[in-house]
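34 is the number of the first residue of the sequence shown in the UniProt record's numbering; add one for each residue after it.
Every residue, glycine too, gets a C-beta built ideally from N, C-alpha and C.
Given the structure is predicted, the values throughout are model-derived calculations rather than measurements.
Here is the structure we will look at, set down as structure tokens.
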Amino acid sequence: LRRKSPVRYDESRACWDVFRYEDAHHILKNPAEFSSKRRLAGNENDTLLTMDPPRHSQMRALVNKAFTPRVISELEPHIASIANECLDAVIGRGSMDVVHDLAVPVPVIVIAELLGVRPQDRMLFKEWSDILVMGSEENSEASFKQLMATKQRALEELNVYLGSIVEERKKQPKEDLISLLISDEIDGEKLKDHEILGFSILLLAAGNETTTNLITNAVRYLTEAPKAQEQLREHPELIPGFFEEVLRYYPPIQAIGRVAAADCTIGGQPIKAGDQVVSWVASANRDESKFPDPDTFLIDRKPNAHLSFGFGIHFCLGAPLARLEGQIAIRAMLERMADIRFAAGTPLVPIQSPFVFGVKQYPV
Ligand code: HEM
34 LRRKSPVRYD ESRACWDVFR YEDAHHILKN PAEFSSKRRL AGNENDTLLT MDPPRHSQMR
94 ALVNKAFTPR VISELEPHIA SIANECLDAV IGRGSMDVVH DLAVPVPVIV IAELLGVRPQ
154 DRMLFKEWSD ILVMGSEENS EASFKQLMAT KQRALEELNV YLGSIVEERK KQPKEDLISL
214 LISDEIDGEK LKDHEILGFS ILLLAAGNET TTNLITNAVR YLTEAPKAQE QLREHPELIP
274 GFFEEVLRYY PPIQAIGRVA AADCTIGGQP IKAGDQVVSW VASANRDESK FPDPDTFLID
334 RKPNAHLSFG FGIHFCLGAP LARLEGQIAI RAMLERMADI RFAAGTPLVP IQSPFVFGVK
394 QYPV
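Below is the structure:
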């Protein structure tokens with residue numbers, strides 16, 4: 034595709050697909066030409082992800098404060114204790130499902146705690162956030178409609194639940210993200226309740242399944258290449274670089290959408306204002322003109338400018354958190370398990386979405 038049809042129009046989806054690194058990078062780098070104002074399934078509200086400047090810049094400046102690498106690094110001991118608690122429950126058993134026992138609970142608990150959710154409601158959160166990112170299993174209009182109705186219901190329930198937390202925090206602020214969003218201002222104006230709710234829901238939708246897949250994909254690679262386990266046990270300082278390569282090689286998000294704001298060209302191909310454009314990160318990350326030997330996993334690949342967290346003004350807000358959670362989860366597994374092997378014979382069932390790379394279970 035990169036060689037023969039690097040920019041092609043897909044009639045059935047009514048959008049352009051872009052496969053080369055240079056073109057994908059150009060699109061993400063130019064928000065004035067390629068707008069983020071698009072409707073995401075199951076979310077009627079404007080969120081950071083679907084805003085353009087100047088509103089995006091104001092909103093992003095405000096929420097950035099809660100997600101700086103320094104703020105996030107302070108969470109390290111706490112995330113380590115969450116990961117170790119998950120492993121305590123399975124360690125004597127000799128087997129575990131990486132998805133269910135570790136990769137799902139760690140990000141859910143962390144985001145729930147950041148938001149200030151009551152501990153007993155954490156798994157309810159997981160269910161809601163799963164529904165928001167769920168793809169249709171069948172290709173029929175009926176199943177699509179049913180999915181939309183389920184997403185709408187989950188969204189309404191989440192709004193009611195988070196709305197009750199916003200009311201509680203207005204009366205009695207705590208040290209959590211919702212309290213910060215209530216007290217902060219953009220140009221002397223406080224955020225409206227629906228903006229606080231929209232942002233909280235975005236965190237759940239954007240941060241849970243992605244990080245679950247990052248952790249699972251990392252373990253998957255370690256079982257495919259057991260030598261890498263040895264290397265990382267001997268040299269834990271290689272773990273951050275290893276994660277960048279997991280992100281490049283098995284990107285949890287495969288593609289990023291935009292809308293052309295004016296008539297333009299991409300890779301020599303004329304595009305009309307209003308056309309939908311999809312940048313295929315999974316392909317850009319394997320582009321031989323950017324990454325030497327792109328289909329080889331290099332544990333210490335440098336430089337490694339993958340696009341798995343996007344690029345430019347919408348670069349993933351949660352990247353420092355996702356990296357930290359992933360590194361802590363893998364370090365804990367490597368420290369506590371002598372030899373991690375895939376439970377041979379288990380069929381790998383992919384998550385049913387063309388935009389997500391992950392599997393439903395990964396028993397080891
Ligand atoms: C944006 C991927 C984890 C919150 C993005 C974008 C990508 C991405 C590709 C850019 C979308 C665009 O340009 O339209 C990932 C991956 C993750 C991850 C692969 C895990 C491995 C997280 C986490 C959080 C988070 C843990 C929060 C707790 C966000 C938010 C945005 C975003 C709020 C919107 C930023 C903006 O529009 O300015 N993410 N993400 N993500 N991500 Fe992540």
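#1: Distance check for residue 162 and residue 348, CA to CA, integer angstroms please.
#2: Considering only residues of the same chain and omitting the five flanking positions on each side of residue 273, which have a CB-CB separation below 8 Å?
#3: How should residue 124 be labelled, buried or exposed, when 16 other C-beta atoms within 10 angstroms of its C-beta is the threshold for buried?
#4: Roughly how many angstroms separate the alpha carbons of residue 345 and residue 57, rounded to a whole number?
#5: Going residue by residue through the segment 144-207, where are the continuous alpha helix (DSSP H) segments of at least 4 residues, counting only ones entirely within it?
#6: When every heavy atom of the ligand HEM is checked, does at least one fall within less than 8 Å of the C-beta of residue 273?
#7: Starting from the N-terminal side, write out each stretch of the alpha helix (DSSP H) that is 4 residues or longer and does not extend beyond the segment 279-337.
#8: Are the beta-carbon atoms belonging to residue 67 and residue 317 less than 9 Å from one another?
#9: Around the C-beta of residue 242, are 16 or more other C-beta atoms found within 10 angstroms, so that it is buried, or is it exposed?
#10: Locate the alpha helix (DSSP H) running through residue 88, then write down its first and last residues.
#11: Cβ atoms of residue 339 and residue 257: under 9 Å apart, would you say?
#12: Figure out for me which residue from 263, 376, 334 has the closest Cα to the Cα of residue 363.
#13: Can residue 63 be considered in contact with the ligand ADP, in the sense that its beta carbon sits closer than 8 Å to one or more heavy atoms?
#14: With C-beta atoms as the reference, is residue 49 less than 9 Å away from residue 309?
#15: Looking at residue 392: is its Cβ nearer than 9 Å to the Cβ of residue 373?
#16: Count the other CB atoms within 10 Å of the CB of residue 376; is the residue buried (16 or more) or exposed (fewer)?
#17: Return the CA-CA distance between residue 127 and residue 385, expressed in angstroms with no decimal places.
#18: With H, G and I counted as helix, E and B as strand and the rest as coil, what does DSSP make of residue 43?
#19: Is residue 341 near the ligand HEM, going by C-beta to nearest heavy atom under 8 Å?
#20: Starting from the Cα of residue 140, find the closest Cα among 130, 151, 129, 155 and give me that residue.
#21: How about residue 294 and residue 314: are their beta carbons less than 9 Å apart?
Judging by the given coordinates:
#1: As a working note, residue 348 is residue 315 in the sequence shown. As a working note, residue 162 is residue 129 in the sequence shown. In a straight line, the C-alpha of residue 348 is about 21 Å away from that of residue 162.
#2: As a first step, residue 273 must be located in the sequence shown, where it is residue number 240. Result list for residue 273: 356, 360, in chain order.
#3: Mapped onto the sequence shown, residue 124 falls at position 91. Classification of residue 124: exposed, given that the 10 Å Cβ count is below 16.
#4: Counting from one through the sequence shown, the residue named residue 345 turns up at place 312. Counting from one through the sequence shown, the residue named residue 57 turns up at place 24. So the alpha carbons of these two residues sit roughly 11 Å apart.
#5: 155-166, 174-204
#6: Counting from 1 along the sequence shown, the entry for residue 273 is found at position 240. Not under cutoff, so the answer is no.
#7: Runs of the alpha helix (DSSP H) spanning 4 or more residues and lying entirely within the segment 279-337 occur at 314-317, in chain order.
#8: Stepping through the sequence shown from its first residue, residue 67 is reached at position 34. Stepping through the sequence shown from its first residue, residue 317 is reached at position 284. Contact flag unset, no.
#9: One-based indexing of the sequence shown puts residue 242 at position 209. Answer is buried; the Cβ neighbour count reaches 16.
#10: Indexing the sequence shown from 1 puts residue 88 at position 55. Residue 88 -> alpha helix (DSSP H) spans 88-97.
#11: Residue numbering aside, residue 257 sits at position 224 when the sequence shown is read from its first letter. Residue numbering aside, residue 339 sits at position 306 when the sequence shown is read from its first letter. Cβ distance not < 9 Å, so residue 257 and residue 339 don't count as in contact.
#12: Counted from its first residue, the sequence shown places residue 363 at position 330. The candidate whose alpha carbon is nearest that of residue 363 is 263.
#13: As for the ligand ADP, it is missing from this structure, which binds only the ligand HEM.
#14: Looking up residue 49 in the sequence shown gives position 16. Looking up residue 309 in the sequence shown gives position 276. Yes, Cβ-Cβ distance for residue 49 and residue 309 is below 9 Å.
#15: Start at 1 with the first residue of the sequence shown, and residue 392 comes out as number 359. Start at 1 with the first residue of the sequence shown, and residue 373 comes out as number 340. Against a cut-off of 9 Å, the Cβ pair of residue 373 and residue 392 comes out as no contact.
#16: As a first step, residue 376 is located in the sequence shown; it is residue number 343 there, counting from the start. Exposed, by the Cβ-count rule.
#17: Sequence index remark: in the sequence shown, residue 127 carries index 94 (1-based). Sequence index remark: in the sequence shown, residue 385 carries index 352 (1-based). Answer to the nearest angstrom: the Cα atoms are 29 Å apart.
#18: Along the sequence shown, read from residue 1 onward, the residue named residue 43 stands at position 10. The answer is strand: DSSP assigns residue 43 an E or B state.
#19: As a first step, residue 341 is located in the sequence shown; it is residue number 308 there, counting from the start. True, at least one ligand heavy atom lies under 8 Å from that Cβ.
#20: As a working note, residue 140 is residue 107 in the sequence shown. Of the candidates 130, 151, 129, 155, the one whose C-alpha sits nearest the C-alpha of residue 140 is 155.
#21: Against the sequence shown, residue 294 aligns to sequence position 261. Against the sequence shown, residue 314 aligns to sequence position 281. Cβ distance not < 9 Å, so residue 294 and residue 314 don't count as in contact.
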